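Q: With the working numbering, the residue at position 184 of the sequence shown is 184, and numbering never jumps.
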Amino acid sequence: MDWDKLRIFHAVADKGSLTHAGDVLHLSQSAVSRQIRALEESLNVTLFHRHARGLILTEQGELLFDATTQMVKRLDATAARIRDSEDEVFGELRVTTTVGFGTLWLAPRLTALYQKYPELKIDLMLEERVLDLPMREADVAIRMKEPSQADLIRKRLMQIRMRLYATPDYLAKHGTPVTMADFHSHRLICQHAGTAQVAAGAMLVAQLMSHDIPSTLTVNNYFGVLQGVLNNIGIGVLPDYITEDFPDLVRVLPDVESGEVPVFLAYPEELRHSKRVAAFREFVTEEIFKYRKREQG
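1. To which residues does DSSP link Val250 through a beta bridge?
2. Determine the burial state of His186: buried for a count of at least 16 other Cβ atoms within 10 Å of its Cβ, exposed for fewer.
3. Exposed or buried, Ile242, counting other C-beta atoms within 10 Å across all chains shown (16 or more means buried)?
4. What is the DSSP secondary structure of Ile189, reduced to helix, strand or coil?
5. Looking only at its chain, what residues have a beta carbon closer than 7 Å to the beta carbon of Leu110, apart from the 5 residues adjacent to it on each side?
6. Starting from the Cα of Ser38, find the closest Cα among Ala67, Lys15, Arg50, Ile8 and give me that residue.
7. Select from Glu295, Lys290, Val277, His49 the residue whose C-alpha is nearest the C-alpha of Tyr117.
8. Quick check on the DSSP output: the alpha helix (DSSP H) that includes Ala112 runs from which residue to which?
9. Exposed or buried, which one is Glu86 when buried takes at least 16 other CB atoms within 10 Å?
10. Which residues does DSSP pair with Asp123 in a beta bridge?
11. Please say whether Thr195 and Thr176 have beta carbons closer to each other than 9 Å?
12. Output the distance between the C-alpha atoms of Arg143 and Lys15, rounded to the nearest integer angstrom.
13. Val140: which of Ala150, Leu124, Thr103, Ser148 sits nearest, CA to CA?
14. Please work out which residues of its chain come closer than 7 Å, Cβ to Cβ, to Asp240, disregarding the five sequence neighbours upstream and downstream, and give them in chain order.
15. State buried or exposed for Ile288, treating a residue as buried only when at least 16 other CB atoms are found within 10 Å of its CB.
16. From Leu47, Val99, Glu137, pick the residue whose C-alpha is nearest to that of Lys73; which is it?
17. Please confirm if the region 96-111 is in contact with the region 220-234, defined as three or more CB-CB distances below 8 Å between the two stretches.
18. Measuring CA to CA, which of Ala31, Leu249, Asp76, Gln60 is closest to Asp169?
19. Would DSSP call Ala278 helix, strand or coil?
20. Is His192 near Asn220, with beta carbons less than 9 Å apart?
21. DSSP on Glu86, reduced to helix/strand/coil?
22. For Ala279, count neighbouring Cβ atoms within 10 angstroms of its own Cβ and tell me buried if that reaches 16, exposed if not.
23. Where are the alpha helix (DSSP H) runs, 4 residues long or more, that stay fully inside the region 11-72, in chain order?
24. What is the rounded straight-line gap between the Cα of Leu301 and the Cα of His20?
25. Could you give the residue range of the alpha helix (DSSP H) that holds Ala202?
26. By Cβ distance below 7 Å, which residues in the same chain neighbour Ala13 in space, the five residues on each side in sequence not counted?
27. Locate the alpha helix (DSSP H) running through Gln227, then write down its first and last residues.
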């Protein structure tokens with residue numbers, strides 16, 4: 001099969017439209033249509049159902065799209081490896097992690113990575129949705145649980161817990177709670193138990209909410225929770241690594257905490273030899289080592 005036609009087919013199937021595929025490929029709609037027709041004729045099958053709202057893959061089209069998706073994924077991985085210089089680290093690396101970990105722990109430390117590799121381009125994708133690494137939605141992920149896919153290389157970085165924190169100013173003004181019953185005169189800041197977050201954090205929030213706390217502020221990520229705490233709105237549920245960059249925060253109710261949350265770094269087997277991935281892995285490992293050393297010291 002002609003690769004040019006397969007490439008055009010893949011773009012049309014991915015975009016669901018001849019026009020949108022043409023925009024991506026820098027081809028006219030008629031040129032894209034001719035190539036799809038030629039491919040269908042060479043295979044003697046219909047690859048798309050034509051509808052007013054767009055194109056829908058036939059069963060045969062789905063089979064071919066699965067094949068071209070795998071081809072594109074392998075080509076992307078190969079291109080990434082080719083772009084890796086023998087002696088230098090440069091180019092784009094797509095990193096995904098949660099909003100909380102990305103904003104509160106990872107992003108503030110990237111200065112060290114850029115100082116070592118000034119030509120590296122990091123595309124930091126912060127979201128709670130788990131991106132599909134084998135399908136190349138990202139190159140590297142830092143996740144709050146062990147990845148389930150078999151074709152990923154994974155490294156356990158550390159474990160964290162969710163705990164209660166407040167500022168000294170807030171506690172000086174409102175007092176320090178000694179028991180959960182004391183929360184009746186305090187405001188709890190946290191993610192809602194139903195918000196996408198690690199299970200241990202959701203369980204702790206549900207446990208806290210069961211005490212009928214009269215006033216709360218819920219935010220859909222830990223960065224927002226931290227801002228609420230720093231602005232003396234109340235007592236927040238935050239990951240324990242926050243104390244390194246915000247050492248003035250005071251832990252409240254030391255007996256109240258979540259279970260351990262493992263933090264894993266993962267990337268596709270195909271990127272095992274990528275110098276960009278290796279550079280990022282070494283950077284994160286070094287930062288974790290320094291973090292643990294400071295924590296223990």
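Quick reminder that beta carbons are idealized off the backbone N, C-alpha and C, glycines included. All figures in this text were calculated on a predicted structure; none of them were measured in a lab.
A: The relevant details are as follows:
1. Answer by DSSP bridge pairing, in chain order: Ala166.
2. Around the beta carbon of His186, 16 or more other beta carbons lie within 10 angstroms, which makes this residue buried.
3. Residue environment: Ile242 is assigned as buried (16 or more neighbouring CB atoms within 10 Å of its CB, all protein chains considered).
4. It is a strand residue.
5. Its chain contains Ile122 as the residues whose beta carbon lies nearer than 7 Å to that of Leu110, once the 5 sequence neighbours on both sides are disregarded; these appear in chain order.
6. One detail in the question is off: residue 38 reads as Ala in this sequence, not Ser. Comparing Cα-Cα distances from Ala38 to each of Ala67, Lys15, Arg50, Ile8, the minimum goes to Ile8.
7. The option with the nearest alpha carbon to Tyr117 is Val277.
8. From DSSP, the alpha helix (DSSP H) with Ala112 extends over 110-116.
9. Bear in mind that the predicted position of Glu86 carries a pLDDT of just 47, short of 50, making it too unreliable to give a figure here.
10. For Asp123, which the question treats as bridged, DSSP gives the partners Arg94.
11. No, Cβ-Cβ distance for Thr176 and Thr195 is not below 9 Å.
12. Going from the Cα of Arg143 to the Cα of Lys15 covers about 29 Å.
13. In terms of Cα proximity to Val140, the closest of Ala150, Leu124, Thr103, Ser148 is Leu124.
14. Cβ within range, chain order: Ile160, Arg161, Arg163.
15. Looking at its Cβ environment, which holds 16 or more other Cβ atoms inside 10 Å, Ile288 is buried.
16. Nearest C-alpha to Lys73 among Leu47, Val99, Glu137: Glu137.
17. With contact defined as three or more Cβ pairs closer than 8 Å, the region 96-111 and the region 220-234 are in contact.
18. Closest in alpha carbon position to Asp169, among Ala31, Leu249, Asp76, Gln60, is Leu249.
19. Ala278: helix per DSSP, three-state reduction.
20. Yes, these two residues count as a Cβ contact at 9 Å.
21. A caution first: Glu86 carries a pLDDT of 47, below 50, which makes its placement in the model unreliable, though a value can still be read off. Three-state result, Glu86: coil.
22. Within 10 angstroms of the beta-carbon of Ala279 lie 16 or more other beta-carbons, which makes it buried.
23. Note on the region 11-72: whole alpha helix (DSSP H) runs with a minimum of 4 residues are 18-25, 29-43, in chain order.
24. Outside the shown range of the chain, which is 1 to 297, sits residue 301, and nothing can be said about it.
25. Start and end: 199-209.
26. Spatial neighbours of Ala13 in its own chain (CB-CB distance under 7 Å, excluding positions within 5 residues in sequence) are listed in chain order as Leu57, Gly61, Phe65.
27. From DSSP, the alpha helix (DSSP H) with Gln227 extends over 222-230.
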